[in-house]
Structure formats: C-alpha cells, structure tokens
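So for the sequence shown, this note's numbering puts the first residue at 54; every next one is plus one.
In this text, a Cβ means the ideal position worked out from N, Cα and C, and glycines have one as well.
The structure under discussion appears below in the form of structure tokens.
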Amino acid sequence: MELPFAESYRIKMVETIRKSTREEREQWIREAKYNLFNLRSDYVFIDMLTDSGTGAMSDKQWAALMLGDESYGGARSYYNMKEAIKEILGFDYFLPTHQGRAAENVLYSTIIKEGDILPGNSHFDTTKGHIEYRRAIPVDCTIDEAADTQLELPFKGNVDPAKLEAVLKKYPAEKIPCVVLTVTNNTAGGQPVSMQNIREVSALCKKYGVALQIDSARFAENAYFIKMREKGYADKTIKQIVKEMFGYADIMTMSSKKDAIVNMGGFVAFKSEALWKKAQMFCIMNEGFITYGGMSGRDMNALAQGLDEGTEFDYLETRIKQVEYLGARLDEYGIPYQRPVGGHALFVDAKKVLTRVPKEEFIAQTLGIELYLEAGIRGVEIGAMLADRDPVTRENRYPKLELLRLAVSRRTYTNNHMDVVAAALKNVYDRRDSITRGYRIVNEFPIMRHFTVELEPAR
Ligand code: F0G
Numbered sequence: 054m055e056l057p058f059a060e061s062y063r064i065k066m067v068e069t070i071r072k073s074t075r076e077e078r079e080q081w082i083r084e085a086k087y088n089l090f091n092l093r094s095d096y097v098f099i100d101m102l103t104d105s106g107t108g109a110m111s112d113k114q115w116a117a118l119m120l121g122d123e124s125y126g127g128a129r130s131y132y133n134m135k136e137a138i139k140e141i142l143g144f145d146y147f148l149p150t151h152q153g154r155a156a157e158n159v160l161y162s163t164i165i166k167e168g169d170i171l172p173g174n175s176h177f178d179t180t181k182g183h184i185e186y187r188r189a190i191p192v193d194c195t196i197d198e199a200a201d202t203q204l205e206l207p208f209k210g211n212v213d214p215a216k217l218e219a220v221l222k223k224y225p226a227e228k229i230p231c232v233v234l235t236v237t238n239n240t241a242g243g244q245p246v247s248m249q250n251i252r253e254v255s256a257l258c259k260k261y262g263v264a265l266q267i268d269s270a271r272f273a274e275n276a277y278f279i280k281m282r283e284k285g286y287a288d289k290t291i292k293q294i295v296k297e298m299f300g301y302a303d304i305m306t307m308s309s310k311k312d313a314i315v316n317m318g319g320f321v322a323f324k325s326e327a328l329w330k331k332a333q334m335f336c337i338m339n340e341g342f343i344t345y346g347g348m349s350g351r352d353m354n355a356l357a358q359g360l361d362e363g364t365e366f367d368y369l370e371t372r373i374k375q376v377e378y379l380g381a382r383l384d385e386y387g388i389p390y391q392r393p394v395g396g397h398a399l400f401v402d403a404k405k406v407l408t409r410v411p412k413e414e415f416i417a418q419t420l421g422i423e424l425y426l427e428a429g430i431r432g433v434e435i436g437a438m439l440a441d442r443d444p445v446t447r448e449n450r451y452p453k454l455e456l457l458r459l460a461v462s463r464r465t466y467t468n469n470h471m472d473v474v475a476a477a478l479k480n481v482y483d484r485r486d487s488i489t490r491g492y493r494i495v496n497e498f499p500i501m502r503h504f505t506v507e508l509e510p511a512r
C-alpha cells in the first residue's frame with residue numbers, strides 16, 4: 054500500500070502545555086479585557102495567535118547559537134548572515150534589525166516623505182502603521198477575488214496589475230518611494246503571489262521608474278506554492294524559485310521570525326549600495342551598529358542556518374501539509390474559511406459563522422473569544438479591530454472580510470492538536486445561532502489598536 058505522509062523531522066525537546074476549565078477561562082479573558090493578546094500564555098492550551106517567532110529551532114540552529122560571535126564590529130556571525138542572504142536571496146547589501154517592523158522603520162525612515170503613496174497587496178498592519186505614521190498613504194491593489202472566501206484560486210494574494218498601473222499613472226514617480234509586494238499575502242489569508250504576477254508588478258515598476266520592495270516574511274511558503282501550483286516550476290528547487298522571485302526586487306524587508314524559523318530577528322536588504330549607505334544612519338540610530346543592528350551574534354548565526362532549512366522542500370511540505378490537514382478537518386464539519394488554505398494559517402470566515410453579531414460589535418473578535426472559551430485555543434482577529442480607524446475621519450473602518458486567523462507555528466504542534474482545534478471550532482459552530490452579542494471598545498490607541506485594545510461585552 055502507499056505509505057502515509059509523515060513529518061520530515063523527529064522531536065528532541067518538549068514543552069509542557071496545560072488545559073484549563075471553562076470557568077477559569079471565563080475569568081482570565083474578562084481580566085484580559087477580552088483582548089487575546091493580553092492573556093498569559095500559561096492560560097492558553099493551543100496557541101495560534103501567530104506563527105511569528107514561535108517555531109521550534111533545529112538541532113543545527115541551536116548548535117549555531119553556541120558559535121555566535123558577539124563582537125560589536127565585524128562579527129563572524131554577521132558575515133555568516135551576509136553569506137546566507139547573498140547565496141539564498143541574492144542581495145549584496147543588508148542591515149540586521151530586531152524584527153520585521155524594525156526593518157520597515159529603517160527603510161521607510163530612509164525613503165518616505167509626507168504625502169507619498171505606496172501601492173501594494175494588502176499591506177501588513179505594521180507596514181500600514183509605519184506608512185500612515187509618516188503621513189503617507191498605502192493603496193491596496195489586491196485582486197478583488199481575494200475578498201470572496203469561497204472562491205478557489207491558486208494565487209489569491211496577487212496584485213491586480215490594472216489597479217496598480219492606475220496608481221502609478223496617477224502620481225509622479227517622486228511621490229511613490231516603492232511598491233510593496235507582500236509574499237505570501239498575510240492579510241488576504243496567507244495566500245501566495247504567482248511568479249507571473251511578481252514579473253508583471255516588476256515590469257510596471259520599471260515602466261514607471263519605481264522601486265519594488267518585497268515584504269518577505271513568508272517568501273519560502275510562497276515559493277512552495279509556486280512550485281506546486283504554477284506551470285513550469287514543478288521541477289525547480291525551492292531555492293531556485295526563491296532566487297528568481299528576488300531577482301525582480303530592489304529591496305526586501307524580512308521578519309525572520311517566520312520563514313527563517315528564529316524566535317527574533319529581521320533585516321532589510323538592498324540591491325543598491327547607495328540606498329544601503331543612506332539607510333545605515335537610521336539603523337545605527339534605531340537598531341545598532343551596521344554589523345549587528347538589532348541582533349546578537351548568536352541570533353544572526355541561527356538565522357543564517359534557518360534561512361537554509363526554511364528553503365528546503367521537505368520542511369515546507371511538512372509545514373503546509375499540516376495547515377491543509379486542519380483545513381480538511383474543517384471541511385468535514387462544513388466550517389467556512391478562506392479557500393484554499395494559506396501557507397501559515399487557516400482563516401475562518403467569521404461573518405459566515407456568526408451571522409447574528411452586528412459588524413459594529415467586532416464579529417471576528419467575538420469568534421476568537423468564543424473559541425478561547427471553548428477550549429483554550431487562541432487565534433487572532435483580522436477584521437475591523439485590526440483595520441483601525443480612518444486616519445482622517447476617525448471613523449471605524451469595516452473591511453470586506455472578518456477573519457479569525459489560526460496560525461500554525463513551525464515544527465511546534467502535532468496533528469492531534471489540529472484535531473482538537475477543529476473539534477472546538479465545530480462546537481462553537483454548532484451553537485453559532487445562540488451567539489448574538491459582540492464587544493465594544495473601552496480603550497484604544499490611535500494606531501495599531503488591536504494589540505492593546507480593551508473591550509467589554511457590547512450589551
Ligand atoms: N510583514 C508581514 C507580512 C508580517 O506578517 C509581519 C508580522 C511583519 C511584516 C512584521 O514583522 O512581527 O517581525 O515585526 N507578522 C506577525 C503575524 C506579527 O502574526 O502575522 P515583525
């Protein structure tokens with residue numbers, strides 16, 4: 054018979070997690086002001102808040118930590134990271150930062166002026182935050198089909214080239230510091246961008262004289278989907294595909310907490326030596342000297358090793374098959390989610406589940422709280438809370454989609470955990486008509502409010 058699929062690693066170290074009672078969880082979530090970010094991790098059984106920095110490092114990464122060189126200037130670890138970035142991603146110049154948003158900070162401090170326009174595909178929240186904080190405007194040019202959760206498209210994270218060209222035509226190139234292409238497209242459901250689309254976006258950037266920045270947090274998962282779904286790529290290695298993807302980019306920002314499988318770290322990389330030099334001042338001021346930026350030597354070593362492991366097919370296949378496994382369980386129970394499943398997470402279509410909660414009461418947040426109460430599983434809202442208020446009118450923005458993201462950490466949970474997640478969701482789904490009340494905001498920050506927002510039951 055055909056052998057079943059199994060993980061491409063075995064487990065060497067474990068960490069205890071603990072179940073709790075519904076009564077305990079009711080008290081804890083109330084004390085956390087109904088904000089899942091505010092919960093102590095000890096109060097969570099299966100943590101799907103994020104896949105960022107939560108993965109399990111390999112034996113080789115832990116070994117690399119011990120060889121870290123902590124020199125302030127010119128550390129060996131810096132050169133290890135430099136070599137990995139050159140060899141795997143093809144960039145000559147880079148600055149290490151403490152995580153992805155710090156790379157955005159260094160880059161955008163260098164290139165954005167007030168009033169600038171940055172078109173892209175569903176900019177991630179910190180990216181949008183860094184742009185709007187500088188009084189510049191992110192313009193979302195994602196394909197319309199991404200908003201239909203039930204439509205099965207292989208590359209639902211794509212940019213609509215017509216939308217992008219309209220923006221590039223409307224404004225002079227001096228007003229557009231770069232186009233931001235996010236691979237995979239996290240906000241649209243961890244959906245990939247095709248190589249053809251990357252090529253088209255790059256051609257438009259060249260035509261209008263604008264730089265292309267790739268927000269690369271999950272670039273390797275994107276390459277996996279290109280290999281599996283795009284014609285002409287089945288026989289290429291992940292590393293070959295990755296090289297081609299970045300061949301089209303001028304700049305990359307990286308949150309290494311995702312596809313480089315480290316707990317902390319990031320970088321911004323440039324093709325242009327001049328731009329790299331210009332950005333150095335902001336790195337020194339905000340992060341650290343240019344050969345360590347926001348990272349310790351040992352972390353740069355683990356990152357270099359992680360970039361290599363993260364771009365191996367067997368690892369990626371194991372990872373993405375686990376997300377697909379969870380999707381198949383939800384299919385059995387008829388629970389609607391953004392189809393097809395994304396690379397790093399499954400995004401439950403909260404609007405289709407909680408049809409009786411008004412949008413003003415934060416539908417996806419309400420579903421997230423219900424799932425936590427059900428089984429101690431922590432997801433994250435990708436909906437009106439995350440969308441923030443309009444910077445000009447200060448009105449709440451209500452995006453088309455209200456999603457509850459269940460992120461799968463790398464090499465961390467087993468498929469038994471995925472079974473628990475699916476069963477808990479089914480229980481919530483079965484009692485969905487009894488859930489009619491959402492939440493209202495008691496306290497919020499003016500920007501990126503979802504991290505710290507305080508809520509209470511709406512009525
Ligand atoms: N870009 C994308 C596409 C991201 O998903 C993230 C982080 C960042 C940039 C910022 O990187 O966290 O290292 O500062 N995403 C995490 C998430 C937080 O849960 O999706 P960071």
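Legend entry - Simplified DSSP assignment, three categories, for Pro-444: coil
Inset, instruction - Let me know the beta strand (DSSP E) ranges lying completely inside the stretch 423-511, each 3 residues or longer, listed in chain order. - result: For the stretch 423-511, the continuous beta strand (DSSP E) assignments of 3+ residues that do not extend past its boundaries occur at 433-435, 456-460, 492-496, 507-510, in sequence order.
Legend entry - Limits of the unbroken beta strand (DSSP E) element including Thr-408: Here Thr-408 belongs to no beta strand (DSSP E), and DSSP marks it neither H nor E.
Inset, instruction - Tell me whether Gly-203 is buried or exposed, calling it buried when 16 or more other Cβ atoms sit within 10 Å of its Cβ. - result: The amino acid occupying residue 203 in the given sequence is Gln; Gly does not appear at that position. Gln-203 should be labelled exposed.
Inset, instruction - Run the proximity test for Phe-299: is its beta-carbon closer than 8 Å to any non-hydrogen atom belonging to ligand 1? - result: no
Legend entry - Stretch-stretch touch, CB-based, cutoff 8 Å, three pairs: the stretch 162-180 with the stretch 343-353: no
Legend entry - Backbone CA spacing between Lys-65 and Ala-109 [nearest angstrom]: 10 Å
Legend entry - Residue from Lys-228, Phe-208, Met-54, Asp-384 with nearest C-alpha to Ile-251: Phe-208
Legend entry - Inter-residue spacing [alpha-carbon to alpha-carbon] between His-87 and Lys-405: Reading off the sequence shown, one finds Tyr at residue 87, where the question assumed His. About 22 Å.
Legend entry - Rounded Cβ spacing between Glu-123 and Ser-349 (contact assumed at less than 8 Å): 6 Å
Inset, instruction - Report yes if the CB atom of Leu-459 is closer than 9 Å to the CB atom of Tyr-386, and no otherwise. - result: no
Legend entry - Candidates Asp-367, Val-220, Pro-230, of which the one nearest Tyr-62 by Cα: Comparing Cα-Cα distances from Tyr-62 to each of Asp-367, Val-220, Pro-230, the minimum goes to Asp-367.
Inset, instruction - Kindly list the residues whose CB is nearer than 7 Å to the CB of Pro-393, restricted to its own chain and excluding five residues on each side of it in sequence; keep chain order. - result: Glu-205
Legend entry - Secondary structure of Ser-255, DSSP reduced to three states: helix
Legend entry - Val-174 vs Asn-275 beta-carbon contact at 9 Å: Before going on, a small fix: residue 174 reads as Asn here, not Val. No.
Inset, instruction - Would you identify the three-state DSSP class for Gln-418, choosing helix, strand or coil? - result: helix
Inset, instruction - With DSSP as the reference, label Ile-99 as helix, strand or coil. - result: strand
Inset, instruction - Taking only heavy atoms of ligand 1 into account, decide whether any of them is closer than 8 Å to the Cβ of Val-461. - result: No.
Legend entry - Spatial distance of Gly-106 from Ser-308 (CA atoms): 9 Å
Legend entry - Cβ-based neighbour list, Ala-117, same chain, cut-off 6 Å, excluding 5 preceding and 5 following: If we look at Ala-117 and ignore the five residues flanking it on each side, its Cβ neighbours are Asn-354, Ala-355, Gln-358.
Legend entry - Residues bridged to Val-212 (per DSSP): Thr-195
Legend entry - Extent of the continuous beta strand (DSSP E) run through Gly-319: 319-323
Legend entry - Contact test: Ser-349 Cβ vs ligand 1 heavy atom, cutoff 8 Å: no
Inset, instruction - Using only alpha-carbon positions, find the residue among Lys-260, Thr-240, Ile-373 that is nearest to Leu-217. - result: Lys-260
Legend entry - Backbone CA spacing between Pro-444 and Tyr-96 [nearest angstrom]: 35 Å
Inset, instruction - Say yes only if the C-beta of Thr-103 is nearer than 8 Å to one or more non-hydrogen atoms of ligand 1, and no if none qualify. - result: Between ligand 1 and the CB of Thr-103, the shortest heavy atom gap is smaller than 8 Å.
Inset, instruction - Please indicate yes or no: does the CB of Ala-155 lie closer than 8 Å to some heavy atom of ligand 1? - result: Indeed, a heavy atom of ligand 1 lies less than 8 Å from the Cβ.
Legend entry - Cα-Cα separation, Asn-211 to Ile-500: 27 Å
Inset, instruction - Following the continuous beta strand (DSSP E) through Gln-266, name the residue where it begins and the one where it ends. - result: 265-268
Inset, instruction - Classify Gly-182 as helix, strand or coil using the three-state DSSP reduction. - result: helix
Legend entry - Unbroken beta strand (DSSP E) run spanning Gly-173, endpoints: 170-173
Inset, instruction - List the endpoints of the continuous alpha helix (DSSP H) containing Thr-163. - result: 153-164
Inset, instruction - Just confirm the distance between the C-beta atoms of Tyr-378 and Met-471, as a whole number of angstroms; I'd bet it's less than 8 Å. - result: 6 Å
Legend entry - Residues bridged to Pro-149 (per DSSP): DSSP lists Phe-320 as partners of Pro-149.
Inset, instruction - Kindly indicate which residue of Ile-184, Pro-245, Asp-213, Thr-489 has the alpha-carbon position closest to the one of Cys-231. - result: Distance check between Cys-231 and each of Ile-184, Pro-245, Asp-213, Thr-489 places Ile-184 closest, using alpha-carbon atoms only.
Inset, instruction - Would you check whether ligand 1 has a heavy atom nearer than 8 Å to the C-beta of Lys-310? - result: yes
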